[in-house]
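Protein chains in written order, with the numbering used here: chain Z, 1 to 614; chain C, 1001 to 1660; chain L, 2001 to 2352; chain E, 3001 to 3128.
A virtual CB, placed ideally from N, CA and C, is assigned to each residue, including glycine.
Fair warning: this is a prediction, and the values are worked out from it, not measured in the lab.
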Amino acid sequence: MNLHDLVSQLIIDSTGSASLITPDSSLRAFLPELVICATVLAMLFVRLFRVGRYVDMFWIALAGSIAALYFAAPWDHLGAVLTADQAAHPAAVTRMEIFTGMLVYDTFSVYVRSALFLFAILFVIFTRLSGIPDHEDSPDIYTLVLGATLGMCLMVTANHLLMVFMAVEMASVPSYVLAGILKGRRQASEAALKYSVYGAGAAGVMLYGISLVAGILNTAHIPTIALTLAEKFSGGLSAVPSGELMVLALGALLISVGLAFKLSAVPFHFWCPDVFEGATAEVNAFLSVASKAAALALLVRVALGMGVIAPTGFAPGERWAKTHQNAPATTPTSTDKTTDLFYIAQEPVTAAGAAAAADSTAEPAKLPAMQSLAPVRSFTAKLIAFFAIITCTFGNLAAYGQTNIKRLLAYSTIAHAGYMMMPVAAVVAMAGIDNAGAARGIAGLAIYIAVYLFMNLGAFAVVAFLRNAMRSEEIADYAGLVRRCPLTVVCFSLILFGLIGLPPLSGFIGKFAIFASLVDGWRAVEAAGQPGFYLLLLLIVGGINTAISLFYYLRVVKVMTIDDEPADRPPLVYSDVSLAGAYLWLITLPTAGLIVAWDWLSEMADAAARNLIG
Amino acid sequence: MLTPDVLLTLIVFLPAIGALAVAFMPSDSKDWIRVVTLGVTIAVMALVIGGLMVPENLSGGWNKGLVFDTAQADVQNVVNLPWIPSFEIDYFLALDGISFPLVVLTAFVCLLAMAASWTITKHVKAYCILFLLLETGMIGVFVSLDFFLFYVFWEVMLLPMYFLIGVWGGPRKEYAAIKFFLYTLLGSVLMLIAILMLYFYSDVSDPDLVAHLDKCSLRPEVRARAEKLAADRLPARDVVVAARAKLAAAREDAKAGTKSAAESAKEIEAAEKALQTAIADEAAVTVKGGGPLHTFNILALQQIGQNTLQFSQTIQWWCFVLLFIGFAIKVPTIPVHTWLPDAHVEAPTPISMILAGVLLKMGGYGIIRICYPICPHGGYDLMWWVCGIGVASMIYGAFAALAQKDFKRMVAYSSVSHMGYVVLGLGVWSARAETGFNSYFWDMGVKGAMFQMIAHGISSAGMFFLVGVVYDRVHHRNLDEFGGLFGKMPYYTALAMGIFFAALGLPGLCGFPGEFFVVMSVWKFSPLLAILSAAVVVLTAGYILWAVQRVYLGAEYKGPHEDHLTPSNFRENTIGTVFLFFAILFGVFPHLVLQYMDKTIDKQTKLLANWTAAVKEAQPTGRAVGNALRGVPPPVAAEPVGNALRGVPEPVAVEPPGAE
Amino acid sequence: MLLAAIDWHALLFLLFALVACGFGAAVLLTSNVVRMAFYLTLCLGATSGLFFLAGAQFVGAMQLMIYVGGTLVLLIFGVMLTAQARFISMKTGAGEWILGAIVGSSLLLLLVRAGFSVESWRLPRLDRDKITLAEGQTSTAIGLALTSVRVDKLSAPNEKLKPGMSGYLLPFVIVSMHLLVVLIGAGYMARTKRLGVNRATDRPVAQAPPRDRDRSFFVSAGLASGMIVNLLLAVGCCWLVAKPLAITGNAAPTNQFLLQLAKAIDAAPSWLLPTLGLLFLANVLLLVVVWYWQKWGVVGLVIVPLVMAFLIASTSLGQAAAVTIALIALAPVVLLILLLCSGRPTAWSQME
Amino acid sequence: MLRPPDGLVADGITAIDMDSFPPPITVSHYLVVGAVLFVLGAVCMATKRNALGVLMGIELVLNGANLNFVAFGSRFLRQDTLGLDGELMALFVIVLAAAEAAVALAIALNFYNNHTTIDVDHADDLKG
């Protein structure tokens, strides 16, 4: 193979073969991120001109996010396309490593990225309504928001340890600045300083862990890591030199420090309340939703990536090339119709058969490899379960005494991170035993992320609007608000009850889904004769925590509805019937009404989870 | 002409729609809001009575095919539509003899409670909205037969109740409201865990279940899938059964000692291995056919619990305990009753009426509908615990009521005592070897419990209403500061006497039949418990009569605001009269209530008695096999049949590991 | 003889390692920021020497250029900008020192043990004399790897490494995006805010406007009837979704209009009806908004029919239907606006 | 003193360079230096009260990790290596560290402007 071949291989990888950009090329899969990049550049470019000063960056950011969501196209990839029989089609591409294995593109990444872009759209509108950032700051702030979103997308798709580190950095560093968005304020700059110092430290620790893991396995490509590990563990746990085991465990622990920091998992949560209190509610919404969703996706990628033999997928362009080789008669019009990456209707049967044959040869080799990775999975599952238990419990207990609504929501965020880590533990434990169950667990996590997006965004939106109206973020100042702005209070109460996880609010759907995955995991693991008690423990801890969390959420509701209005309340300029109010209704609507019909969400989540475990 | 889906959906959601309508009304026009709300509750009542109770020839035929058929034991008016197919959650509503009387009771109490709400003057609009949402939640609990849906409705009524107590309650309203919320939430979280366990262990494609699918009211397409998959699994299942029999035979041999110990151990090991392989093969067939088909369908879960080996004994223990705690909190029984006095005392009068009249019944309903049929193992093994808790609640509640100074608190504790009868009646599992597996007494206990729920719904709601009437006038409830109301409010006092005596359990009033049935049924189960529960009647008479004497009789009124003691008005008299009317009616003609529940309860107890005969006591070996298959250690020397015949009481069941 | 026995490579390593560790420790131990920066420079310089010794010349050079030449200069800038006498030297408390020493030394022990615990790390490469200098020249390979062409992997003995060839083109490109964003962020942070701040959080709380407004009977009636009609339409749409008017079968509508409607609905995509229902609901909300004196509700009322028309036009129902629907829906809105603008004072003028 | 593994001795390769002074360098030696820098940096982050001091600690930590990467990737130290990936990752880390330092510095300056101190212990407006 000479240089020329390598280069042409690279071109095929990026753009697909022959035609300009085929549907299954790296660039097409990466298009949403490219749109975000273009938006950032556009905002920079517009500022160069005098006229650009008067352009409102809000519109550019909004257009960019909408375009990114459009190109991520969840309706194509997660909607009707992936119905059961089509997904069973041997030709359906379900996993693709893009950019020579740096990133991985599958339905899970489609799902989480779509959630991120949807959040970006809602977030940009939210900032517009709440007035932060103002016209002067907006180009910088939207640049940072979109830059961080770009990093988060990479976190979701990372398939290489360098990309893991880089994505975490790309998501974090702009967030440091965002925490200090009100730069004239002491609290804000303090929040930014703390966040950046702790964040950089955690990233450094994580990098050290990455270096150890990569060094002992001689690769940084995550699926290859899984293969190498399987080879190492093929003789059973006792056959591995204890020194290597120690280094591996140490590396995993150090990596988990970095992930735990992003997840604000106890004991690496300490930055969270401070940063949330110092930063504005808008930034809090961003950190607590987008950042958390991306961190969870990264956790899934790393935990499953190292503990599970990845399902076989195509390389970019491979499918396209194959289709055209085997069926030269296929007319160009058919390629025009293949806008959907995952399924090409005109797929010739021969290629399908070949793919199936390739799969079947790979299959028997995969099983023992999967088995030999069991100790890795068991270690990971228990580690995650441990973090989940302490995070959830600590978050809920610490939230109890808070008087500042942003601090309270910060602890609530910590607690929810704990809840969201629970299904990951169950999934890792179930993989290799009950793969369908593991996929359902991932789907549960995906449902929770979607539901949580609306709830937490709504909560911080209320905080921001009320801050604008009364210049206070103390819970005590919300006393008797139901007399002033009943609709907002109703929305906020619904959101808070949703955060508890009470039916019929959508928070329950998420709780139900993750608890279901825990029970499922417990059943599957016990049935396979392995100790699964920790999953049951997780379930019970989750249940008790739900009851504990009632106290502090309910206290806020109580203050707003039952308590009397203080006599000396400063004038409150806030109307329920305003654009801000309408936005709140819009955000609350899914929280309140999703229970009526959430099958579509469940189906999308199922589709998202389908291709993570082979 | 209506169809069941429209009718039941309307009955459940009409209040919610009414709440939406009220939300759009201007909040100044309080009277209009009240009238609309009352209208909605009347409409619900009308739908229930007109649609389900009035015979077709009288109604002009508009409720053709909907009228509740008392001769039928199975569920009627079935609505089963797909809701969340990816989790097999259905929109499954239906009525049977257990739920129907409670639906009527709910509609009835809500109507009267709304009529009693005219005294609420604070935030009327919000009150009415929450009230209507509460009604939706309560009716929904009784009519839904999908476990998920049941759970959603169960929690739906939490929020309105929290606010209704918290905003419109008395001085310690916040404490009472959060206590109520916390207890119930804790119970329902445990319930959720049990629900999920049952869901993941259930599989409607089990070949053992095919014969019983008729009783499950599954959706046709689900049923078709289940039957097809079951047929596919049948060959593999035959292998499993054969392997199981072989294992049992090997064990028998080992016990008989026909072969050497090492040889039989080897044989058993081989048989166990074969059984495991067979089970794994069947599981592979199931997975290949797209199974296992989990379900939330309560009827299907009941059949699974009674007719298949899917829920092992351990699982049934766990689920029974978790579910029972959840329901016991609602009933409430000791030691989880402490929310009730606070909530009742602080809640406004109409809400107390609903709490006592309807909410407490949900606990009993859950136990009878879910705990026993789905987890018979747990129910059977723990029957002494359940009965013990029931009797303890009765006695404790009665003594506590005796000690109260606060009128409303006394009534609240009387609820604890009376609901103890319900738990006792449900727990009396008399269908045992010593009774010849005759379910007659148990049947009577369950009927007594059901009747007691209805009767208590009327009498306790009435009592809370009566307490509210006098509280509205003098704004205190101290029993020592009343007296002589007979002279000032004669009609009211007459009503009060009647309803209090109904609560007391005087023959001829509604409190009597239920208690009588329960005590009768217990006699066969345990004379000691029967004597204890009969003795509670004396205590009840004590606190009721004492209260009547201190409040209504006596020479003169001793408390403040004497001048406010005006005779009761027309509205109050009407409500009270209605309560008294039904208290007398049901006392004289208990059949009016019992006719609705007879068939269903007969069938349910019959089935469970059959189960007991088949699984629990007759075939110790079969059971051991089943357990061995599920990895449960063999029970301590499977109860010798002789014991039961000799009348030796059942050893108190051993606590499962970690059940507390 | 002695000199010949000396492994210069190892000796140089020792030298650099000692310098790096020594000055690293000095960074930790000194409490003067300026000195710390200086020691750090030396430490990182020595590290780059270690890079050279490991054969990573390019990385070593980059370390010198970017790190020592760039990042550290930036840090020193920071030191100078904030250098006031009292902040230059800040002492750490004894307790912290002790705690740090204990935790640090145990961590160090653990990591060192880890470093020696893997056999292949512990042993030197036996045939390292045979490595030619050309093999050690990695700059070309790095350059090609940054364009995603991994020439070094071609001869990799390990076949399973090949699937993850891991060309670094994407990180190389995307890191520039990151740098851009980060520099904008740093610029934002370092810039002072322009005067005349007008942030939402800094504005004083305005007085609530007076709320005594009167609404003529016609306006009220118009709004109320609009709400009712739209609500009915929304319910109707939902009804049609639940119970479609079948064209065939026994229940086929005999009414000509219903027949047409059924045909039209049949031809429309499945999402259309629910969407229209939602839009009608949105109309109800907007009317409520207008009821509460918000001008933007009227804007919304105009937009919704246009959206409906657009949606219908994009389906198979055709342009004519779209225009008709739009006109039918817009007529009441026009009427409403006329109502709002009539009377004195007009309802319009009182709106926000 | 290090000994070659038994297999190699059997192959007739005995103690190449084993008796030289100082003993030949292995990956482990690099790891020790990396570990020292890492720990020094970590302790520096934990104990320094000056924001810039903390930043310098972070630089040390990143360099420790970088040293590992280079050592793992170096073909002079062992046969079966991480390969070019090590050097490439080290390169990217250098660039990312530069970016991070720039932002952290800007934030520190902003903090300084608001508080006229960069003592992190004075960062106590937030409870911590």
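Simplified DSSP assignment, three categories, for residue i
i, result
"His2009 (chain L)", "helix"
"Ala567 (chain Z)", "coil"
"Leu1081 (chain C)", "strand"
"Asp1028 (chain C)", "coil"
"Asn218 (chain Z)", "coil"
"Phe268 (chain Z)", "coil"
"Val104 (chain Z)", "strand"
"Glu3059 (chain E)", "helix"
Selection from the options that minimises the alpha carbon distance to residue i
i, options, result
"Asn468 (chain Z)", "Z:Ile132, Z:Asn284 and Z:Gln530", "Z:Ile132"
"Tyr1380 (chain C)", "C:Ala1046, C:Val1615, C:Val1006 and C:Pro1101", "C:Val1615"
"Leu2014 (chain L)", "L:Leu2272, L:Leu2064, L:Ile2184 and L:Leu2053", "L:Leu2053"
"Met538 (chain Z)", "Z:Ala431, Z:Ala385 and Z:Leu182", "Checking the sequence shown, residue 538 (chain Z) turns out to be Leu, not Met. Cα-wise, what sits closest to Leu538 (chain Z) is Z:Ala385."
"Ile613 (chain Z)", "Z:Gly278, Z:Leu453, Z:Ala61 and Z:Pro223", "Z:Pro223"
"Asp1238 (chain C)", "C:Ala1274, C:Cys1216 and C:Asp1598", "C:Ala1274"
CB contact flag (residue i, residue j, <8 Å)
i, j, result
"Phe1327 (chain C)", "Leu1198 (chain C)", "no"
"Cys491 (chain Z)", "Gly458 (chain Z)", "yes"
"Cys1371 (chain C)", "Phe1441 (chain C)", "no"
"Ala202 (chain Z)", "Ala191 (chain Z)", "no"
"Ala3098 (chain E)", "Thr2071 (chain L)", "yes"
"Gly278 (chain Z)", "Gln187 (chain Z)", "yes"
"Ser211 (chain Z)", "Phe3072 (chain E)", "yes"
"Phe3038 (chain E)", "Tyr208 (chain Z)", "yes"
Residue-level contact to chain Z via CB, residue i, 8 Å cutoff
i, result
"His3115 (chain E)", "yes"
"Met2177 (chain L)", "yes"
"Met3089 (chain E)", "yes"
"Val1189 (chain C)", "yes"
"Glu1346 (chain C)", "no"
"Ala1152 (chain C)", "According to the sequence displayed, residue 1152 (chain C) carries Val and not Ala. With 8 Å as the cut-off, Val1152 (chain C) counts as an interface residue toward chain Z."
"Ile1084 (chain C)", "yes"
Any chain L beta carbon closer than 8 Å to residue i
i, result
"Leu10 (chain Z)", "yes"
"Phe99 (chain Z)", "yes"
"Ile3107 (chain E)", "yes"
"Ser234 (chain Z)", "no"
C-beta neighbour in chain C for residue i, strict 8 Å
i, result
"Pro504 (chain Z)", "yes"
Nearest-angstrom beta carbon gap, residue j and residue i [assumed within contact, 8 Å]
i, j, result
"Pro1160 (chain C)", "Gly1187 (chain C)", "Actually they do not touch by this definition, with Cβ atoms about 18 Å apart."
8 Å Cβ cutoff, residue i in contact with chain A
i, result
"Val3043 (chain E)", "The chain inventory of the structure shown lacks chain A, comprising the protein chains Z, C, L and E."
is_contact[residue i, chain E] using C-beta, thresh 8 Å
i, result
"Ser2148 (chain L)", "no"
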